[in-house]
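Before any comments, here is the structure.
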Amino acid sequence: MADGALSDTTRAAILSIVMLAVGLVVWEMAIPGQAAVGELTEYERLTGGGAQKAGVPPPSEVLVKAWEELSNPFYVNGPNDKGIGIQIGHSIYRVLTGYALAALVAIPFGFLIGMSAVAYKAFNPFIQVLRPISPLAWMPLALFIIQDSNASAIFVIFICSIWPMLLNTAFGVAGVRQDWVNVARTHELGHLKTAFTVILPAAAPTIVTGMRISIGIAWLVIVAAEMLVGGTGIGYYVWNEWNNLDLTSVIFSILMIGLVGMLLDAAFAALQRAVAYAE
Amino acid sequence: MAPKPFLSIERLTQRFPDGQGGMLTVFENATFGIEKGEFVCIIGHSGCGKSTIMNILAGLAEPTSGVIKMDGYEVAGPSLDRGVVFQNYSLLPWLSALRNVTFGVKARHPEWSKKKVDQHARDFLAKVGLDGDVVHRKPSQLSGGMRQRVSIARAFANQPELLLLDEPFGALDALTRGTIQDELLKVWGDTAQTVFMITHDIDEAILLADRILLMTNGPFARIAESVDITIPRPRSRTGIVEHANYYAIRNHLVHFLGQRSKELAGKTTETDDPTPQRVHIDRSAAAPDGESRDGPDGARRLLAVNA
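Those sequence lines, one after another, are chains A and B. First residue of the first sequence? That's 1 in the numbering used here, and the numbers climb one at a time after it. First residue of the second sequence? That's 1001 in the numbering used here, and the numbers climb one at a time after it.
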């Protein structure tokens, strides 16, 4: 490169850092300072005028809060005051449990309906009706039937992650090229062997794409679900801090939700690269 | 032909619904035999049902009627005894070249050790000129010619009783095609495999085959003639054109494909003897110079290739 000898990646990274810095500075400057306590009259002080007004905190406060929380993420000071690590841990546990159950159902089932045109047509109307239902709409029914808020949250994750995996698996399996199936047939592979050595690797990129969509949706939904069921979890934490009017914690936890979501997505992106193939 | 050939195809007929309530007969009463170790090519225009015959032999399609017997036993469904090389290579793109071949070897010899399977696969890849690091590449990182080599290695490595080649060189450029034809001849010579091959290329068929079956145009296509290739082996692409029989055979084939395949087409054939008429052209003794090498030959060739 003639100009400056910087790669595109380096230049993009520098630009990202500049944008972050500018954003933080603008945010910091946009927050009006609190009036100093000393300038208040005695009357104002007695009527609470000296108390901090609730306002959007500047980024410096959020960073201090983040440092505080992340340096001790697993403390427990009673049911309403637990460390961020514990809250996120609960959320991840619920997401992964519901998600794993959904994968256990969706992938084999998707395989079956992908292999049989009749099964696909027979199940399609049910899938099309159930799929657009907001997962939270299941919550009352789940709470009534399961009678357990934690299990209900897991159920909601299950029901929201099942559809993209199911449809993508069926679509991927149905789309496996007949040539490859013929290769399996001319080599006298049995049904099970064909499924594992030919159809599964052939459909894997499509299946993993479905899994990646599902984990994204599951992470979106868990926050809302935990706001409803309460007790623990990052969603509950956000809502609890809102009730405490602690906006610094709210902003901090919003950022944590984004960060964890990004990590989950990155894990599936890596899986996607691992199963990808070029024709 | 011997009374009981190794592979015998008897009155094979294929009909499809024509979409207007009727039935379309693609080919009818296809009857021929292939001896063990023989290399037979089939030539015919597109739509005469060559690929359907191939798929039926491979067990991937069912004929409307007729039977196939191998070693006296009727065959149905796909089998490791009948290996196939597909026109589009049909390699599994997520496996390396080597793994594509071991895929077949493992299916053929499930009792072999991993090492033995690997060695066997490498031997056959080497036979078609693939060795070294190339065998670890994925099909997408190989040229078309290399992919077809892998596909040929996969089929030969299984040493099937019958090898079916469905226009294996159709998608390759002329130079690559020549090289792989030579390699195919070499592997075939080493293994004495029975081969049945579809091709559009007359020169390719003369170079490779012991016998060429000629199909009339569809519908109601049938196998009209069986032409002996009376050119001794080993053959080479430059050598065969010198042979006295080359142009005589070639002209016969060109004439059939250019003219008679149409004249004989479109009629149902109610004949008691559906076996193809045997054509044996041998001028090597009578006229050492053979046919003249110029004239309408070049023009007819263009007509026949890829027609």
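The C-beta atom is built at its ideal place from N, Cα and C for all residues, glycine as well.
The region 183–203 of chain A: which residues have C-beta closer than 8 angstroms to a C-beta of chain B, in chain order?
The residues in question are V183, R185, T186, H187, E188, L189, T197, V198, P201 and A202.
Can B/G1047 be considered in contact with the ligand ADP, in the sense that its beta carbon sits closer than 8 angstroms to one or more heavy atoms?
The model on display carries no ligand, and the ligand ADP is accordingly not part of it.
Along the chain, where does the alpha helix (DSSP H) containing B/V1128 start, and where does it finish?
Along the second sequence, one-based indexing puts residue 1128 of chain B at 128. Premise fails: B/V1128 is in no alpha helix (DSSP H) and is neither H nor E.
What residues are listed by DSSP as bridge partners for B/F1032?
By one-based count along the second sequence, residue 1032 of chain B stands at place 32. In the DSSP output, where bridge partners are listed per residue, B/F1032 has B/I1009.
By Cβ distance below 6 angstroms, which residues in the same chain neighbour B/E1221 in space, the five residues on each side in sequence not counted?
As a working mapping, residue 1221 of chain B is identified with position 221 in the second sequence. Looking at the sequence itself, residue 1221 of chain B is Ala, so the reference to Glu does not match. Correct list, in chain order: F1027, C1048, G1049 and M1215.
Would you verify that the beta carbon of A/V208 is, or is not, closer than 9 angstroms to some beta carbon of chain B?
The sequence position of residue 208 of chain A within the first sequence is 208, counting from 1. No, A/V208 lies away from the interface with chain B (no Cβ there is under 9 angstroms from its Cβ).
Using the three-state DSSP reduction, which class does A/R131 fall into: helix, strand or coil?
Reading the first sequence from its first residue, position 131 is the one you call residue 131 of chain A. Coil at A/R131, not helix or strand.
With a CB to CB cut of under 8 angstroms and the five nearest residues on each side skipped, what residues in its chain are close to B/H1252?
Here the question's residue 1252 of chain B lines up with position 252 in the second sequence. Closer than 8 angstroms at Cβ, skipping near neighbours: V1227, V1279 and I1281.
Mind checking which residues open and close the beta strand (DSSP E) that includes B/G1083?
Within the second sequence, the letter at position 83 stands for residue 1083 of chain B. R1082 to V1085 is the extent of the beta strand (DSSP E) around B/G1083.
Report yes if the C-beta distance between B/G1145 and B/L1172 is below 9 angstroms; otherwise report no.
Here residue 1145 of chain B is taken as the residue at index 145 of the second sequence, counted from 1. Here residue 1172 of chain B is taken as the residue at index 172 of the second sequence, counted from 1. Their beta carbons are under 9 angstroms apart, which means B/G1145 touches B/L1172 by this criterion.
Expressed to the nearest angstrom, what Euclidean distance is found between the alpha-carbon atoms of A/D81 and A/Y237?
Here residue 81 of chain A refers to the residue found at position 81 when the first sequence is read from its first residue. Here residue 237 of chain A refers to the residue found at position 237 when the first sequence is read from its first residue. Each residue's alpha carbon lies about 9 angstroms from the other.
Under the rule that 16 or more other beta-carbon atoms within 10 Å means buried, what is A/A158, buried or exposed?
One-based indexing of the first sequence puts residue 158 of chain A at position 158. The displayed chain sequence assigns Phe, not Ala, to residue 158 of chain A. Buried is the call here.
Using 9 angstroms as the threshold, is the C-beta distance between B/Q1087 and B/E1167 below it?
Along the second sequence, one-based indexing puts residue 1087 of chain B at 87. Along the second sequence, one-based indexing puts residue 1167 of chain B at 167. It is a contact, given that the beta carbons lie within the stated cut-off.
Using a cut-off of 8 angstroms between C-beta atoms, extract the partners of B/G1138 located in chain A.
In the second sequence, residue 1138 of chain B corresponds to position 138, counting from 1. Per the sequence shown, residue 1138 of chain B should be read as Lys rather than Gly. Ordered by position in chain A, the residues that pass the 8 angstroms Cβ test against B/K1138 are Y277 and A278.
Does DSSP put A/T47 in a helix, in a strand, or in coil?
Start at 1 with the first residue of the first sequence, and residue 47 of chain A comes out as number 47. Residue state, collapsed to three classes: coil.
What does the Cβ neighbour count give for B/A1211, buried or exposed, with the cut at 16 atoms within 10 Å?
The sequence position of residue 1211 of chain B within the second sequence is 211, counting from 1. The residue you asked about is not Ala; residue 1211 of chain B is Arg in the sequence shown. So B/R1211 counts as buried.
Answer with yes or no whether the minimum CB distance from B/N1158 to chain A is below 9 angstroms.
Sequence index remark: in the second sequence, residue 1158 of chain B carries index 158 (1-based). By this cut-off, B/N1158 is an interface position.
Applying the 10 Å Cβ sphere with the 16-neighbour rule, what's the burial state of A/I235?
Residue 235 of chain A sits at position 235 when you count from the first residue of the first sequence. For the sequence presented, residue 235 of chain A should be read as Gly rather than Ile. The residue in question, A/G235, is buried, as its Cβ has 16 or more Cβ neighbours within 10 Å.
Are the CB atoms of B/I1042 and B/I1053 within a distance shorter than 9 angstroms?
In the second sequence, counting from the first residue as 1, residue 1053 of chain B sits at position 53. In the second sequence, counting from the first residue as 1, residue 1042 of chain B sits at position 42. In this structure, B/I1042 lies closer than 9 angstroms to B/I1053 by Cβ.
Quick one: does A/W67 have its CB under 9 angstroms from some CB of chain B?
As a working note, residue 67 of chain A is residue 67 in the first sequence. So no, A/W67 is outside the interface.
Report all residues from its chain with a CB closer than 7 angstroms to the CB of B/A1002; omit the five preceding and five following residues, and keep chain order.
Translated into the one-based positions of the second sequence, residue 1002 of chain B becomes position 2. With a pLDDT of 46 at B/A1002, under the threshold of 50, the predicted position of this residue should be treated as unreliable, though the coordinate-derived value follows. Within the same chain, B/A1002 has close Cβ partners E1035.
Give a yes or no on contact between the region 1183–1199 of chain B and the region 1012–1029 of chain B, applying the rule of three or more CB pairs nearer than 8 angstroms.
These segments do not touch.
Which residue spans inside the region 142–187 of chain A form an unbroken alpha helix (DSSP H) run of at least 4?
Whole alpha helix (DSSP H) segments, 4+ residues: 149–174 and 178–186.
Under 9 angstroms, Cβ to Cβ, is there at least one residue of chain A near B/V1254?
The residue labelled residue 1254 of chain B in the question sits at position 254 within the second sequence. No - not a single Cβ of chain A is within 9 angstroms of the one on B/V1254.
Can you list, in chain order, the residues of its chain whose CB lies under 6 angstroms from that of A/A274, leaving out five sequence neighbours each side?
For the purposes of this step, residue 274 of chain A is identified with residue 274 of the first sequence, where counting begins at 1. Nothing meets the Cβ criterion.
Closest to B/T1102 by CA distance: which of B/E1263, B/H1136 and B/A1076 is it?
In the second sequence, residue 1102 of chain B corresponds to position 102, counting from 1. Looking at the Cα atoms, B/H1136 is the closest of the given residues.
Which of the three DSSP states is assigned to A/T41 in this structure?
As a first step, residue 41 of chain A must be located in the first sequence, where it is residue number 41. Of the three classes helix, strand and coil, the one that applies to A/T41 here is coil, per DSSP.
Strictly under 9 angstroms for the Cβ-Cβ distance: is B/S1143 near chain A by that measure?
In the second sequence, counting from the first residue as 1, residue 1143 of chain B sits at position 143. No, its Cβ sits nowhere closer than 9 angstroms to a Cβ of chain A.
Please name the residue, chosen from B/G1170, B/P1017, B/P1139 and B/A1097, that lies closest to B/A1126 on a Cα-to-Cα basis.
For the purposes of this step, residue 1126 of chain B is taken as the residue at position 126 of the second sequence. The candidate whose alpha carbon is nearest that of B/A1126 is B/A1097.
If I measure Cβ to Cβ from B/K1186 and keep anything under 8 angstroms in the same chain, skipping five residues before and after, which residues do I get?
Here residue 1186 of chain B refers to the residue found at position 186 when the second sequence is read from its first residue. Cβ neighbours of B/K1186 beyond the five flanking positions: K1127.
Taking the alpha carbon of A/E61 as the reference point, which residue from A/P79, A/W27, A/Y75 and A/P73 has its own alpha carbon closest?
As a working note, residue 61 of chain A is residue 61 in the first sequence. Taking only the C-alpha atoms, the option nearest A/E61 is A/W27.
Can you look up B/D1297 in the DSSP assignment and give me helix, strand or coil?
To locate residue 1297 of chain B, count along the second sequence from 1; it is residue 297. Because B/D1297 carries a pLDDT of 41, less than 50, the predicted location of this residue cannot be relied on, and no value is offered for it.
Chain A beta carbons: is any one of them nearer than 9 angstroms to that of B/N1088?
By 1-based counting over the second sequence, the position of residue 1088 of chain B is 88. Output row for B/N1088: interface = yes.
Output yes or no for whether 9 angstroms exceeds the beta carbon distance between A/T197 and B/G1083.
By one-based count along the first sequence, residue 197 of chain A stands at place 197. By one-based count along the second sequence, residue 1083 of chain B stands at place 83. Result no, Cβ atoms of A/T197 and B/G1083 do not sit closer than 9 angstroms.
Going by CA-CA distance only, name the one from A/T10, A/V221 and A/T41 that's closest to A/I133.
On the first sequence, position 133 is the one that residue 133 of chain A refers to. The shortest Cα separation from A/I133 among A/T10, A/V221 and A/T41 belongs to A/V221.
Can you tell me which of the three DSSP states B/S1143 falls into?
Taking the first residue of the second sequence as position 1, residue 1143 of chain B is located at position 143. Correct three-state label for B/S1143: coil.
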